[in-house]
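Okay, structure first, notes after.
Protein chains: 2
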Amino acid sequence: MNDNPLAFVDHEHAGCIERGLADAEALCAARSLRLTDARRRVLEILLQEHRAIGAYEVLNRLSTSGENAHPPAAYRALDFLVAHGLAHKIERLNAFVACTRPREGHAPAFLICRDCRGVAETDVSFDMSPFDSAAEDVGFSVERTSIEVEGLCRSCQPATT
Amino acid sequence: MNDNPLAFVDHEHAGCIERGLADAEALCAARSLRLTDARRRVLEILLQEHRAIGAYEVLNRLSTSGENAHPPAAYRALDFLVAHGLAHKIERLNAFVACTRPREGHAPAFLICRDCRGVAETDVSFDMSPFDSAAEDVGFSVERTSIEVEGLCRSCQPATT
DNA sequence: TAGCCTATTGTTATCACATAACGGTTTTGG
DNA sequence: CCAAAACCGTTATGTGATAACAATAGGCTA
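Here you go:
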């Protein structure tokens, strides 16, 4: 595993955290949702890294930063964040990642490094009509689609030299 | 949950089981793989239904059909089947389904009913080039892509009448 | 501002999914 | 036949997720 497990491209990461929290505040205000302490702290933990983090790792970080936490505390906060698009669950890893662009109804696709668990949310939204028609053919009503691409990020690839 | 949790289209299901087993035999013979009793029985269990089945449910069915089984027995067989394309793991459900068309290197996409856990493997393979280029841009090397579409199959949708 | 309803959190216990580790047995090929 | 490799049995444990119920906090209306 590489020493640089953060995002796949260099950037000033502090901005991501600030922006993520600000976006969350704004989104919750706009929708009359309550961004409680627990939820805010869990979001902050996820925002620390562009990496998938398991619920129990979240739990540990909650504990070290003060009170002793229990599984439902973490899961409830995570469920809230996922339900409102502030975070995503990476099914392949049974882990969670903060959303890099919280907005209404986007259907994200993820690049997932199998080594460092780094996760990049892609902009790409391609033509799903083949699916929709395949689904329609059998009377299947689509609700959610998840696209997860597993591989190795640049930092985790064996050196080419 | 509906009474008809099988595939999303009617068909003579016995053929699926026979064909699945025959395909597996052929594929293993061709690649000098050993389709042992355990593996064969697990595949047979998966083939019973076009539905995602958890490892422990597989385990139970193994047990009822004779000897008492333990987790590694099921997982080892499942790992083998998945590794060689005879079955797929549905990440969203942490469960497994027999492959309906075992052939080399197909990248399947699944329609998954969230009610009856029915799973249909789609033929559709659409243009992934936007992804590939997005991945290339950040030096990410793609290894596997999983596309899981969650929704309701016709039988599990609320009646329209 | 008291009272009520609802959303949220605390707490305990338990369920569900998955693998580590090690020893024994079968299969295969030389 | 023997050695190596693949496979399987067994025990224990690690990891992810939720059920159920009690306690509390926030927001609304009379």
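Which chain is which? The protein sequence lines are A and B, in order. Numbered continuously in the working numbering, the first sequence closes out at residue 167. Numbered continuously in the working numbering, the second sequence closes out at residue 167. Each residue gets a CB set at the ideal place from its N, CA and C atoms; glycine is no exception. Since we're looking at a predicted model, the values are computed, not measured.
Neighbour flag for G145(A) against chain B, beta carbons, 7 Å: Chain B contact via Cβ: present.
Buried versus exposed call for S135(B) [16 or more other C-beta atoms within 10 Å across all chains shown]: When all chains shown are included, S135(B) counts as exposed.
Span of the alpha helix (DSSP H) around C79(A): Strictly speaking, residue 79(A) in this sequence is Ala, with Cys absent from that position. Looking at the DSSP string, the run of the alpha helix (DSSP H) that includes A79(A) is P77 to A89.
Per-residue DSSP class, three states only, for V125(A): Strand.
Environment of V155(A) [buried if 16+ CB atoms lie within 10 Å]: A buried status is given to V155(A), since no fewer than 16 other beta-carbon atoms sit within 10 Å of its beta-carbon.
Members of the region 99–125 of chain B near chain A, C-beta cut-off 8 Å: Those residues of the region 99–125 of chain B that come within reach of chain A (Cβ to Cβ, closer than 8 Å) are N100, A115, L117, C119 and R120.
Buried versus exposed call for H112(B) [16 or more other C-beta atoms within 10 Å across all chains shown]: Classification for H112(B): exposed.
Within chain B, partners of G91(A) - CB distance below 9 Å: Within chain B, no residue comes near G91(A); the closest Cβ sits about 16 Å away, beyond 9 Å.
Coarse secondary structure for C119(B), derived from DSSP in three states: In this structure, C119(B) counts as strand in the three-state DSSP scheme.
Which of helix, strand or coil DSSP assigns to A44(A): Annotated three-state conformation of A44(A) is helix, per DSSP.
One or two residues paired with S147(B) in a DSSP bridge: BP columns for S147(B) point to L158(A).
For F102(A), the residue or residues it bridges with in DSSP: DSSP, once it has assigned bridges, lists I59(A) and K95(A) as partnering F102(A).
Residue-level contact to chain B via CB, E97(A), 7 Å cutoff: At least one chain B Cβ lies under 7 Å of E97(A).
Range of the contiguous alpha helix (DSSP H) that encloses H19(B): Segment H19 to R37, the alpha helix (DSSP H) holding H19(B).
Interface partners of I59(B) on chain A, CB under 7 Å: Chain A residues near I59(B): none, gap ~17 Å exceeds 7 Å.
Whole-angstrom distance between S69(A) and H153(A), CA atom to CA atom: Checking the sequence shown, residue 153(A) turns out to be Ile, not His. Spanning the two alpha carbons is a distance of roughly 32 Å.
V88(B) at chain A interface by Cβ criterion, 7 Å: No, V88(B) lies away from the interface with chain A (no Cβ there is under 7 Å from its Cβ).
Beta-carbon gap between V103(A) and A61(A) smaller than 7 Å: For V103(A) and A61(A), no; Cβs fall outside 7 Å.
Cross-strand partners of S152(A) (DSSP beta bridge): Answer by DSSP bridge pairing, in chain order: E154(B).
L53(B) versus S139(B) - alpha carbon distance: Approximately 37 Å, taken between the alpha carbons.
Coarse secondary structure for E142(B), derived from DSSP in three states: When DSSP states are grouped into helix, strand and coil, E142(B) belongs to the helix group.
Within chain B, the residues that I23(A) reaches when beta carbons sit closer than 9 Å: Near I23(A) there are no residues of chain B at all, since even the closest Cβ is about 21 Å away, more than 9 Å.
Within-7 Å CB hit, V48(A) to chain B: At a cut-off of 7 Å, the C-beta of V48(A) has no neighbouring C-beta in chain B.
Status (buried if at least 16 other CB within 10 Å, exposed otherwise) for R37(B): Exposed, by the Cβ-count rule.
Coil, strand or helix - M7(A) by DSSP: Confidence at M7(A) is low in this model, with a pLDDT of 42, below 50, so its placement is unreliable and the value that follows should be read with caution. Three-state result, M7(A): coil.
Helix, strand or coil at F137(B) [DSSP, three-state]: Here F137(B) carries a helix assignment [DSSP, helix/strand/coil].
Candidates G26(A), S147(A), A30(A) and H17(A): closest to L117(B) by CA position: It is S147(A) whose Cα lies nearest to the Cα of L117(B).
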